[in-house]
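Sequential numbering of the sequence shown, starting at 0, is according to numbering that gives the first Met the number 0. Where a beta carbon is used, it is the ideal one built from N, C-alpha and C, also for glycine. All values reported here derive from a predicted model rather than from experimental measurement. Contents: one structure, followed by commentary.
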Amino acid sequence: MTSNASQQRIAVLGAGAWGSALAIHLAKNGHDIQLWEHDPKRAGLLQKHRENERYLKGIAFPERLTVTSDLAEALHSADAVLLVVPSHVFREVLHHVAEVRDLNQAPVHFAWATKGFEPGSSLMLHQIVEQELHNRFPVAVLSGPTFADEVARGLPTAMVSASADASEAQFWADVFHCDTFRMYTQSDIVGVEVGGAYKNIMAIATGLSDGLQLGANARAALIGRGMKEMMRFGAALGAEPETLMGLSGLGDLVLTCTDNLSRNRRFGLRMAQSGLSSDAVIDEIGQVVEGVKAAKAVKRIAERHGLDLPIMEQVYRIITGEKTAQEAVSALMHRDGRSETEHF
């Protein structure tokens, strides 16, 4: 791997599949990485076995990657902090970061690669960052069409680094860049976050469709109409349409809807085939299914804005147990015909 960036000390907070994959890539790229895992026992096992056997079995940790459960140790003299934890603990971890280290004590680069909304408040993640860090320095969000396993194995990957500060977006692009990884930059944080969250809902929808064996035509229709919903939702929140047509929108939508490496798609498949509750299926998968949380948040936001998002609505009803997958499909097919370009 060949990187354009000088060596950095980077704290990667969150040792799930995605956090571990990003940490592995950054360490291979010549940076010194402290990977933080909140559970001391699991952190010890990760450090001992030098791989994440649960999520990325067979992919060894590079020498430059060290695992710790001590947040202060992870943050100590880090040049940059990358937060990669599930959305439901995003604020809690961010708050601890601000408590443990005075981020004003030295210049620090801060980014997150979490996708979704805060449960309960339905706030976007950049809004939580603003509340907890009080705009003390530039920040960035990293997103795009990526599976953790492929990133960890060094397969060709492209992502987006978005920040209101062009130099901050470029910093993260540079630390990730190598001959197999390209990070594009831009400024539309809202659009990047909307794409990264909404696509998980659509992945559940396509999983449901394929689980019912409705065919390729139905899958393509769901992706196409799902893209329209994403853009309608994004417009209400101030996202740029061009962003949603890019890597973090359309790119991530296609990837997550069409490959079974997506846990959201697998969730939809299992819901359609098993008749189990959403909680039971999540327990089977054994990982956070962000699309479930996103559907609940988007539902609340859509109601506030008076948005018609029919696919999301049916996914929400399946998740909450109000409808079966077959009933939801029937509801979608019985909607009145309308112009494809009509907004509502």
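Residue i - DSSP class collapsed to helix/strand/coil
i	result
His108	strand
Asp148	helix
Gln33	strand
Arg90	helix
Phe116	strand
Phe343	Note on Phe343: pLDDT 37, under 50, position unreliable in the model; no value is reported.
Ile58	coil
Ala77	coil
Val174	helix
Ala238	coil
Ser162	coil
Ser261	coil
Ser276	coil
Leu102	coil
Pro137	coil
Asp307	coil
Asn199	helix
Val287	coil
Nearest-angstrom Cα separation, counted from residue j out to residue i
i	j	result
Phe170	Gly18	19 angstroms
Ala279	Asp187	37 angstroms
Pro85	Gln286	10 angstroms
Ala112	Thr184	14 angstroms
Phe343	Lys227	A caution first: Phe343 carries a pLDDT of 37, below 50, which makes its placement in the model too unreliable to give a value.
Arg218	Lys295	22 angstroms
Lys47	Leu331	51 angstroms
Gly210	Phe180	33 angstroms
Phe146	Ser261	8 angstroms
His37	Ala73	11 angstroms
Ile284	Asp258	15 angstroms
Val189	His30	29 angstroms
Thr323	Ile310	14 angstroms
Gln21	Val11	Note on identity: in this sequence residue 21 is Leu, with Gln being the wrong assignment. The straight-line gap from Cα to Cα measures roughly 8 angstroms.
Ala168	His176	12 angstroms
Gly274	Glu289	20 angstroms
Glu62	Gly143	27 angstroms
Gly195	Ala110	15 angstroms
Ala4	Val107	16 angstroms
His304	Asp69	42 angstroms
Pro240	Gly57	40 angstroms
Ala157	Leu45	27 angstroms
Leu34	His75	12 angstroms
Gln130	Lys114	18 angstroms
Selection from the options that minimises the alpha carbon distance to residue i
i	options	result
Lys93	Arg152, His125 and Glu72	One detail in the question is off: residue 93 reads as Leu in this sequence, not Lys. Nearest C-alpha to Leu93: His125.
Lys27	Met311, Leu260, Ala151 and Ala215	Ala151
Trp247	Ala20, Leu122, Val159 and Met182	Note on residue identity: the sequence assigns Ser, not Trp, to residue 247. Nearest of Ala20, Leu122, Val159 and Met182 to Ser247, Cα basis: Val159.
Ile318	Arg100, Leu254 and Ile203	Ile203
Glu52	Ala16, His75 and Ala22	Ala16
Val140	Met123, Leu221 and Leu275	Met123
His133	Ser120, Asp101 and Thr156	Asp101
Gln6	Leu70, His75, Ala79 and Tyr54	Ala79
Leu25	Ala172, Met244 and Ala327	Ala172
Gly225	Glu312, Glu302 and Gly214	Glu312
Gly223	Lys198, Glu239, Thr242 and Ala238	Lys198
Val66	His95, Val96 and Ile23	Ile23
Ser276	Asn216, Val174, Arg316 and Ser208	Arg316
CB contact flag (residue i, residue j, <8 angstroms)
i	j	result
Val291	Ile281	yes
Phe116	Ala234	no
Leu82	Gly13	yes
His87	Pro39	no
Cys256	Arg265	no
Ala42	Glu50	no
Leu154	Phe232	no
Leu8	Ala77	The sequence shown places Arg at residue 8, not Leu. Yes, the Cβ-Cβ distance between Arg8 and Ala77 is below 8 angstroms.
Leu236	Val191	no
Met229	Leu252	yes
Gly320	Leu268	no
Ile300	Ser162	no
Ile32	Phe89	no
Val138	Leu213	no
Asp164	Leu55	no
Val96	Ala71	no
Met201	Leu221	yes
Sheet register partners of residue i (DSSP bridge)
i	result
Ser344	Residue 344 is absent from the structure shown; the chain starts at 0 and stops at 343.
Thr156	Phe180
Glu129	BP columns for Glu129 are empty, so no partner.
Glu50	Ala59
Thr319	DSSP lists no partner for Thr319.
Ala10	Gln33 and Val80
Gln185	Ala161
Val66	Leu34
Ser142	Val159
Any non-hydrogen atom of the ligand NAP closer than 7 angstroms to residue i Cβ
i	result
Ala301	For the structure depicted, the ligand NAP is absent and the ligand set is empty, with no information on it obtainable.
8 angstroms Cβ cutoff, residue i in contact with chain B
i	result
Lys295	No chain B is present in this structure, which holds just one protein chain.
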